[in-house]
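*Asks:* Residue numbering for the sequence shown is 240 to 551, as defined by our numbering.
Beta carbons are placed, not taken as given, at the ideal position from N, Cα and C, and that holds for glycine.
Predicted model only: the values in this text are computed from it and were never measured.
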Amino acid sequence: MTETTIMWVVFAILFGVMLAVDLGVNRKSHEVSFREALTWSIVWIGLALAFNVGIYLTLGSGKALEFFTGYVIEKSLSVDNLFVFIMIFSYFGVRGHHQARILKWGIIGAIVMRAIFIFVGVELLERFHWLFYVFGGLLIVTAFKMAFSGEGKVEPEKNLVVRGARKLLPVTRRTWGDWFVTRKRGMLVASPLLVTLLMVEWSDLIFALDSIPAIFAVTLDPFIVFTSNIFAIMGLRALYFLLANVMGMFVYLKFGISFILAFVGVKMLAGAGGFHVPTGLSLGVIFASLAVAVLASVAFGRGKVEDVPEGA
240 MTETTIMWVV FAILFGVMLA VDLGVNRKSH EVSFREALTW SIVWIGLALA FNVGIYLTLG
300 SGKALEFFTG YVIEKSLSVD NLFVFIMIFS YFGVRGHHQA RILKWGIIGA IVMRAIFIFV
360 GVELLERFHW LFYVFGGLLI VTAFKMAFSG EGKVEPEKNL VVRGARKLLP VTRRTWGDWF
420 VTRKRGMLVA SPLLVTLLMV EWSDLIFALD SIPAIFAVTL DPFIVFTSNI FAIMGLRALY
480 FLLANVMGMF VYLKFGISFI LAFVGVKMLA GAGGFHVPTG LSLGVIFASL AVAVLASVAF
540 GRGKVEDVPE GA
């Protein structure tokens, strides 16, 4: 059994146990307090760092640095997606414990989607080298759009998935407990929670199309790409409740995230052309971008605080 196989087994066991614990603790929908969100955030970050130590001991410092860089990229890019979640919940009037339930199932769906994207993406990039230029260019375009476009709008009536679901099932105006689908007068009907869940899944699908290619710029090792990605998004729900009410303070954060996307896009293009950008340098640029964006928001963002929609 190779070292990589051993780490796959360790990851599978650790992931399975923690997912079972997470689902067990959150079996009943409840309002997530700041203290609970902080505790779970620390737990997930601690597990990721501990797993990275395991990678360092078994696979070496190079793989450990790749994992950590991929984890930081995914974690930082996911912050932008959290604001989309806030807008979705605000649009549908979803509050408190319903948000936690939707995010729980949304993240499980995201894990399945990312597993498909990652393993298919690695295979395609190994077969078709020119795709590096395509993904690198898309990351740069996305970075400029994020930096210079206004805030997006939640428009479920234009979403193909939501429109398809509404054709299959009638959607009611009210909810029945925590149910996404229920039977009313002998007929299956969907609650607004199902439509909200579909919007969350759709937003994560779009987000994954940006974030996964960004990690491909660091490594094509499916083990590193997948595990760093999963550890990052498993803590996404806790991070949402931790930051939801203060995200509006970081008015310049989107520029920092945009710069990271652009840098990773350039790194991917450079790598495709035969010029290697060291992983350590990439990690330094990412941390510096986030630090500058956060410090600029704190120092110069007063009076420019973005409104966080109600419902967060």
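By a C-beta neighbour count over all protein chains shown, 10 Å radius and 16 as the cutoff for buried, is V571 buried or exposed?
*Replies:* In the structure as shown, the chain begins at 240 and stops at 551. Residue 571 is therefore absent and cannot be evaluated.
*Asks:* Return the chain-ordered ranges of every beta strand (DSSP E) run that is complete within the stretch 255-320 and spans a minimum of 3 residues.
*Replies:* Fully enclosed beta strand (DSSP E) runs of 3 or longer: not present.
*Asks:* From D449, L522, L363, A259, pick the residue whose C-alpha is nearest to that of V457; which is it?
*Replies:* Locating residue 457 in the sequence shown gives position 218, counting from the first residue. Minimum Cα distance to V457 is reached at L522.
*Asks:* At least one CB of chain D closer than 8 angstroms to the CB of A303: is that the case?
*Replies:* The structure shown contains no chain D, having only a single protein chain.
*Asks:* Per DSSP, which residues does A532 bridge with? Please list them.
*Replies:* For this step, residue 532 is matched to residue 293 along the sequence shown. Bridge partners of A532: none, in fact.
*Asks:* DSSP three-state label for A456, please.
*Replies:* Numbered from its first residue, the sequence shown carries residue 456 at position 217. Coil at A456, not helix or strand.
*Asks:* How would you call T308, buried or exposed, if buried means at least 16 neighbouring beta carbons within 10 angstroms?
*Replies:* Your numbering for residue 308 matches position 69 in the sequence shown. The residue in question, T308, is buried, as its Cβ has 16 or more Cβ neighbours within 10 Å.
*Asks:* With C-beta atoms as the reference, is S442 less than 8 angstroms away from I454?
*Replies:* In the sequence shown, counting from the first residue as 1, residue 442 sits at position 203. In the sequence shown, counting from the first residue as 1, residue 454 sits at position 215. Not a contact, by the Cβ cut-off of 8 angstroms.
*Asks:* Per DSSP, L370 is paired with what?
*Replies:* Looking up residue 370 in the sequence shown gives position 131. Note: L370 sits in no beta bridge, so no partner.
*Asks:* Give me the DSSP bridge partner(s) of K423.
*Replies:* Walking along the sequence shown from the start, residue 423 turns up at place 184. Answer is M426.
*Asks:* Specify, as a first and last residue, the run of the alpha helix (DSSP H) that R476 falls within.
*Replies:* The residue given as residue 476 occupies position 237 in the sequence shown. Note, R476: alpha helix (DSSP H), 475-482.
*Asks:* Does W418 come out as helix, strand or coil in the three-state DSSP assignment?
*Replies:* On the sequence shown, residue 418 is found 179 positions in, with the first residue counted as 1. In this structure, W418 counts as coil in the three-state DSSP scheme.
*Asks:* Determine whether the beta carbon atoms of E440 and G348 lie at a separation below 8 angstroms.
*Replies:* The residue you call residue 440 lines up with position 201 of the sequence shown. The residue you call residue 348 lines up with position 109 of the sequence shown. In this structure, G348 lies closer than 8 angstroms to E440 by Cβ.
*Asks:* Is I252 buried or exposed, if buried means 16 or more other CB atoms sit within 10 Å of its CB?
*Replies:* For this step, residue 252 is matched to residue 13 along the sequence shown. I252 is exposed by the Cβ-count criterion.
*Asks:* Give the C-beta separation of L451 and R366 to the nearest angstrom, bearing in mind that I take them to be a contact with Cβ-Cβ under 8 angstroms.
*Replies:* To locate residue 451, count along the sequence shown from 1; it is residue 212. To locate residue 366, count along the sequence shown from 1; it is residue 127. Per the sequence shown, the amino acid found at residue 451 is Ile instead of Leu. At roughly 17 angstroms, the Cβ-Cβ gap does not stay under 8 angstroms, so I451 and R366 are not in contact.
*Asks:* Please classify R402: does DSSP put it in a helix, a strand, or coil?
*Replies:* In the sequence shown, the residue the question calls residue 402 occupies position 163. Three-state result, R402: helix.
*Asks:* For F502, count neighbouring C-beta atoms within 10 Å of its own C-beta (all shown protein chains included) and say buried if the count is 16 or more, exposed if not.
*Replies:* Taking the sequence shown and counting its residues from 1, one reaches residue 502 at position 263. Result: buried.
*Asks:* For the alpha helix (DSSP H) that contains L510, what are its first and last residues?
*Replies:* For the purposes of this step, residue 510 is identified with residue 271 of the sequence shown, where counting begins at 1. Per the sequence presented here, residue 510 reads as Gly, with Leu not at that position. Counting along the chain, the alpha helix (DSSP H) containing G510 begins and ends at 492-511.
*Asks:* Should the stretch 333-342 be regarded as contacting the stretch 470-481, the criterion being three or more beta carbon pairs within less than 8 angstroms?
*Replies:* These segments touch.
*Asks:* Indicate the three-state DSSP secondary structure (helix, strand or coil) for P517 in the structure shown.
*Replies:* Position 278 of the sequence shown, counting from 1, holds the residue named residue 517. Looking at P517 - three-state DSSP - the assignment turns out to be coil, as it is neither helix nor strand.
*Asks:* Can you tell me which of V351, M246, L321, Y310 puts its alpha carbon nearest to the alpha carbon of G299?
*Replies:* Taking the first residue of the sequence shown as position 1, residue 299 is located at position 60. Closest by alpha carbon: M246.
*Asks:* Quick check: the Cα distance between L378 and S315, rounded to an integer number of angstroms?
*Replies:* The residue given as residue 378 occupies position 139 in the sequence shown. The residue given as residue 315 occupies position 76 in the sequence shown. Whole-angstrom Cα-Cα distance: 15 angstroms.
*Asks:* Rounded to whole angstroms, how far is the Cβ of G495 from the Cβ of S528, which I believe are closer than 8 angstroms?
*Replies:* One-based indexing of the sequence shown puts residue 495 at position 256. One-based indexing of the sequence shown puts residue 528 at position 289. Rounded, the Cβ-Cβ distance is 5 angstroms, consistent with contact.
*Asks:* Flag this pair as yes or no: are the beta carbons of F306 and I294 separated by less than 8 angstroms?
*Replies:* What you label residue 306 is simply residue 67 of the sequence shown in a count that begins at 1. What you label residue 294 is simply residue 55 of the sequence shown in a count that begins at 1. Yes. Within cutoff.
*Asks:* By DSSP, does M438 sit in helix, in strand, or in coil?
*Replies:* Translated into positions along the sequence shown, residue 438 becomes position 199. Looking at M438 - three-state DSSP - the assignment turns out to be helix.
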